[in-house]
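J.: Shown below is the structure under consideration.
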Amino acid sequence: MSGVSPRLVAYAQVVLFFGAFLLFWEYGVRYFEVKKYILPPISAILVAIWESRGQIFEHSMYTLAEVLIGFIAAVVVGIIIGMIVYVSPFAQRTIYPLVTALQTTPKSALAPLMIVWFGYGFVSKVAMAFLFAFFPIVVATLGGFAGTAKNLEEHFRALNAGPWTTFTTLRLPSALPAFIDGCRVAMPLAMIGAIIGELVGSDRGLGNLIMLGTASSRTDLVFGCIIVITLISLVLYALIEFAAKSVWWRGIQV
Amino acid sequence: MSATATIEAHKDSVTPAAQPQAYHIEAKGLNKAFGKVKALEDINFGIRNQEFVSVLGPSGCGKSTLLRIIAGLIPYESGAATVKGEAIHSPRPDIGVVFQTNNMLPWFTVRKNVELGARIRKMPAQARDQAVDKVLEVLSLSKFADAYPHQLSGGMRQRASIGQALVLDPPILLMDEPFGALDALTRDKLNVELLRIWQEHRKTVMLITHSIAEAVFLSDRVLVMADRPGKIIEEVVIDLPRPRDAAATRALPQFGEYVAYLGKIMGVTS
Ligand SMILES: Nc1ncnc2c1ncn2[C@@H]1O[C@H](COP(=O)(O)OP(=O)(O)O)[C@@H](O)[C@H]1O
Ligand SMILES: [Mg+2]
Chain H
1 MSGVSPRLVA YAQVVLFFGA FLLFWEYGVR YFEVKKYILP PISAILVAIW ESRGQIFEHS
61 MYTLAEVLIG FIAAVVVGII IGMIVYVSPF AQRTIYPLVT ALQTTPKSAL APLMIVWFGY
121 GFVSKVAMAF LFAFFPIVVA TLGGFAGTAK NLEEHFRALN AGPWTTFTTL RLPSALPAFI
181 DGCRVAMPLA MIGAIIGELV GSDRGLGNLI MLGTASSRTD LVFGCIIVIT LISLVLYALI
241 EFAAKSVWWR GIQV
Chain E
1 MSATATIEAH KDSVTPAAQP QAYHIEAKGL NKAFGKVKAL EDINFGIRNQ EFVSVLGPSG
61 CGKSTLLRII AGLIPYESGA ATVKGEAIHS PRPDIGVVFQ TNNMLPWFTV RKNVELGARI
121 RKMPAQARDQ AVDKVLEVLS LSKFADAYPH QLSGGMRQRA SIGQALVLDP PILLMDEPFG
181 ALDALTRDKL NVELLRIWQE HRKTVMLITH SIAEAVFLSD RVLVMADRPG KIIEEVVIDL
241 PRPRDAAATR ALPQFGEYVA YLGKIMGVTS
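Chains as they are written, first to last, in the UniProt record's numbering: chain H, 1 to 254; chain E, 1 to 270.
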């Protein structure tokens, strides 16, 4: 094997591993005669995705919109609350403990309530995505602001820097790495929130399609939806990772 | 060596700020406590215009606290602290501070970091660029203007920190152990650079240090502090000829005598 780069070997290992896994899935279910509605072979799932591609795409866009709007709302509100708590001692005494306490409530238990409040449609799912994404973002933002180096704050004070300059030049860039970490955690959670909302009650979206598939024993379609949800989540996560690259000063101390 | 008597004599002769010998920085009966901890007790001293004064003292004796009070960063309980005859209550534009920690923003280049004070103080762009260029030049950092702080050596970072204060060309410079974290060799080099800058620009300097040799080499006067509670126990006038020169000054017999004397006061056998 001389002359083969270790990188190529590493790639080959990954490809071989997943190839073996898929082959095992494909022929294992046949060999062990697993019922199709329990676990269909991977080829059947891919066929189901292809055959229902129009439907899956439409529901995907619906779910994606819920996730993105919920996530963006969580970012905006999270930053605002994070800032308010950081600058106001009153908010620190009141809102901060409230947020911390609410963080521990199981958000999935709120899904039926969201449907009662916001109806069967789009808004209740956005609310679910928001609820799931909000807490990690607000907690991370708070941590980011609180983690602003004391010596740098003093340096700005010695320079007579105004609050706005101190905020934009010092606090915001200091808080960015933690904030991005919060987004990293929150993005997949927003997806989970939206899907749970759709599973509890909806008329559209990938969660809804899963419910329909389950009701009609279309396990291949259910798996198809799960794969699509995972792929969307991965793409969204990659976008966050890409954004995180611009905050390169994470962990650098000088 | 003159003791606290000198400062007393001067204080009596001081009347408002217009006098050439008037104190630029002055403390009278200054007290500061953090809760129950008495950090500073009955501090009296003065630093004249363009005078270079060092403050020596053991760790925890309140040197940084004293500097923060003069810089207008923290309040004091009683007594008076004045700059150019005005009571200190907030940071002043005519004071530049170099802190114990180097205060570079990791997301800014060296140039941006040095520029920061000038931007905050809203210096016009052209004057600012000139000032930054000059400071980078003086501190031999021109080649590293576009580097980020984490790409610099400790000595370069410390020079850049001094540049952050120098860029505004403040008449008063307060420095808190600016070379504390550096190795002896780098420290010696930076001492020489600081001396050169001071000899050129003649600022009023208060330098906090724990290096006796550094204090003697640079200063017109050295104030020695003791701890618990922090107070000034001795004042030594360093009567070495100026302009000073690294090798020649350190070779003077008096240099060694001052170092030995201060060492004795501070309880160091050297
Ligand atoms: N912000 C603070 N809160 C409480 N105690 C402090 C604070 N700053 C300094 N001190 C205390 O005051 C004393 C003097 O500290 P400092 O001025 O930093 O000493 P030095 O700079 O001489 O090492 C120490 O006992 C220190 O623990
Ligand atoms: Mg100190």
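For each residue, glycine too, the CB sits at the ideal point set by N, CA and C.
Sorted by chain position, which residues of the same chain lie with C-beta nearer than 8 Å to Q19 of chain E's C-beta, five sequence neighbours on each side aside?
T.: Along the second sequence, read from residue 1 onward, the residue named residue 19 of chain E stands at position 19. Its pLDDT being 49, under 50, Q19 of chain E is placed unreliably in this model, and the coordinates cannot settle the point.
J.: Please list, in chain order, the chain H residues whose beta carbon lies closer than 9 Å to that of H150 of chain E.
T.: Residue numbering aside, residue 150 of chain E sits at position 150 when the second sequence is read from its first letter. In chain order: W249, I252, Q253 and V254.
J.: What does R121 of chain E pair with, by DSSP beta-bridge criteria?
T.: Residue numbering aside, residue 121 of chain E sits at position 121 when the second sequence is read from its first letter. R121 of chain E pairs with nothing; no bridge assigned.
J.: Report the rounded CA-to-CA distance for T15 of chain E versus K28 of chain E, giving the unit in angstroms.
T.: Start at 1 with the first residue of the second sequence, and residue 15 of chain E comes out as number 15. Start at 1 with the first residue of the second sequence, and residue 28 of chain E comes out as number 28. Confidence at T15 of chain E is low in this model, with a pLDDT of 44, below 50, so its placement is unreliable and no value can be given for it.
J.: If the cut is a Cβ gap below 7 Å, which residues of chain H does N103 of chain E touch?
T.: What you label residue 103 of chain E is simply residue 103 of the second sequence in a count that begins at 1. By Cβ distance, chain H contributes N151, L152 and H155.
J.: Taking only heavy atoms of ligand 1 into account, decide whether any of them is closer than 8 Å to the Cβ of G144 of chain H.
T.: Stepping through the first sequence from its first residue, residue 144 of chain H is reached at position 144. G144 of chain H: no, Cβ never under 8 Å from ligand 1.
J.: Measure the beta-carbon distance from V126 of chain H to G70 of chain H and round it to whole angstroms, keeping in mind my assumption that it falls under 8 Å.
T.: The count along the first sequence starts at 1 and reaches residue 126 of chain H at position 126. The count along the first sequence starts at 1 and reaches residue 70 of chain H at position 70. 5 Å between Cβ atoms; contact.
J.: Closer than 8 Å by C-beta to T148 of chain H: which residues in its own chain qualify, once you throw out the five before and the five after it? Chain order, please.
T.: For the purposes of this step, residue 148 of chain H is identified with residue 148 of the first sequence, where counting begins at 1. Excluding residues within five positions, the ones whose Cβ falls inside 8 Å are L170, R171, S174 and A175.
J.: Verify the contact flag: F108 of chain E, CB atom, against every heavy atom of ligand 3, threshold strictly below 8 Å.
T.: This structure lacks ligand 3; the ligands present are ligand 1 and ligand 2.
J.: When you compare only the Cα positions, how much space is there between Q103 of chain H and P97 of chain H?
T.: Looking up residue 103 of chain H in the first sequence gives position 103. Looking up residue 97 of chain H in the first sequence gives position 97. If I take the Cα positions, the gap works out to 10 Å.
J.: Based on the DSSP secondary-structure assignment, which residues constitute the bridge partners of Y23 of chain E?
T.: As a working note, residue 23 of chain E is residue 23 in the second sequence. For Y23 of chain E, which the question treats as bridged, DSSP gives the partners E:R48.
J.: In angstroms with no decimal places, state the Cα-to-Cα distance between H10 of chain E and E26 of chain E.
T.: If you number the second sequence from 1, residue 10 of chain E lands on position 10. If you number the second sequence from 1, residue 26 of chain E lands on position 26. Residue placement at H10 of chain E cannot be trusted, given a pLDDT of 45 that sits under 50; what the coordinates show is reported in the next sentence. Using only the alpha carbons, I get a separation of about 11 Å.
J.: Tell me, please, which residues DSSP counts as bridged to E235 of chain E.
T.: Here residue 235 of chain E is taken as the residue at index 235 of the second sequence, counted from 1. For E235 of chain E, which the question treats as bridged, DSSP gives the partners E:L223.
J.: Would E115 of chain E be called buried (16 or more neighbouring beta carbons within 10 Å of its own) or exposed?
T.: As a first step, residue 115 of chain E must be located in the second sequence, where it is residue number 115. So E115 of chain E counts as buried.
J.: Could you check where the alpha helix (DSSP H) with S124 of chain H kicks off and where it finishes?
T.: Within the first sequence, residue 124 of chain H is the residue found at index 124, counting from 1. F122 to A146 is the extent of the alpha helix (DSSP H) around S124 of chain H.
J.: Examine chain E for any beta-carbon lying closer than 9 Å to the beta-carbon of A158 of chain H, and answer yes or no.
T.: Counting from 1 along the first sequence, the entry for residue 158 of chain H is found at position 158. Chain E, which has a Cβ nearer than 9 Å to the Cβ of A158 of chain H, makes this yes.
J.: What does the Cβ neighbour count give for S13 of chain E, buried or exposed, with the cut at 16 atoms within 10 Å?
T.: Counting from 1 along the second sequence, the entry for residue 13 of chain E is found at position 13. Only weak support exists for where S13 of chain E lies, its pLDDT of 43 falling under 50; the value from the coordinates is given anyway. Label assigned to S13 of chain E: exposed.
J.: Taking 8 Å as the cut-off, is the C-beta of K150 of chain H nearer than that to any heavy atom in ligand 2?
T.: By one-based count along the first sequence, residue 150 of chain H stands at place 150. K150 of chain H Cβ: outside cutoff for every heavy atom of ligand 2.
J.: Using a Cβ-Cβ cut-off of 9 Å, state whether S270 of chain E counts as contacting chain H.
T.: By one-based count along the second sequence, residue 270 of chain E stands at place 270. The predicted position of S270 of chain E is uncertain, since its pLDDT is 39 and thus under 50; a value taken from the coordinates is nonetheless stated next. Not one chain H Cβ lies under 9 Å of S270 of chain E.
J.: So for M61 of chain H, helix, strand or coil by DSSP?
T.: One-based indexing of the first sequence puts residue 61 of chain H at position 61. DSSP places M61 of chain H in helix when its eight states are reduced to three.
J.: So for K36 of chain H, helix, strand or coil by DSSP?
T.: Here residue 36 of chain H is taken as the residue at index 36 of the first sequence, counted from 1. Residue state, collapsed to three classes: coil.
J.: Quick one: is the Cβ of S64 of chain E within less than 8 Å of any heavy atom of ligand 2?
T.: Position 64 of the second sequence holds residue 64 of chain E. Yes; taking the cut-off as 8 Å, the Cβ of S64 of chain E has a heavy atom of ligand 2 nearer than that.
J.: Using beta-carbon positions only, say whether L199 of chain H and A111 of chain H come within less than 9 Å of one another.
T.: What you label residue 199 of chain H is simply residue 199 of the first sequence in a count that begins at 1. What you label residue 111 of chain H is simply residue 111 of the first sequence in a count that begins at 1. Closer than 9 Å, so yes.
J.: Would you mind sorting V235 of chain H into buried or exposed? The rule is 16 or more other CB atoms within 10 Å of its CB.
T.: Translated into positions along the first sequence, residue 235 of chain H becomes position 235. So V235 of chain H ends up on the exposed side.
J.: Could you tell me the distance, in whole angstroms, from the CA atom of L159 of chain H to the CA atom of V167 of chain E?
T.: Position 159 of the first sequence, counted from the first residue, corresponds to residue 159 of chain H. Position 167 of the second sequence, counted from the first residue, corresponds to residue 167 of chain E. Their Cα atoms are separated by approximately 12 Å.
J.: Cβ of M128 of chain H within 9 Å of Cβ of A186 of chain H?
T.: Within the first sequence, numbered from 1, the residue matching residue 128 of chain H stands at position 128. Within the first sequence, numbered from 1, the residue matching residue 186 of chain H stands at position 186. Against a cut-off of 9 Å, the Cβ pair of A186 of chain H and M128 of chain H comes out as no contact.
J.: Does the separation of the CB atoms of K63 of chain E and V53 of chain E fall below 9 Å?
T.: Locating residue 63 of chain E in the second sequence gives position 63, counting from the first residue. Locating residue 53 of chain E in the second sequence gives position 53, counting from the first residue. No.
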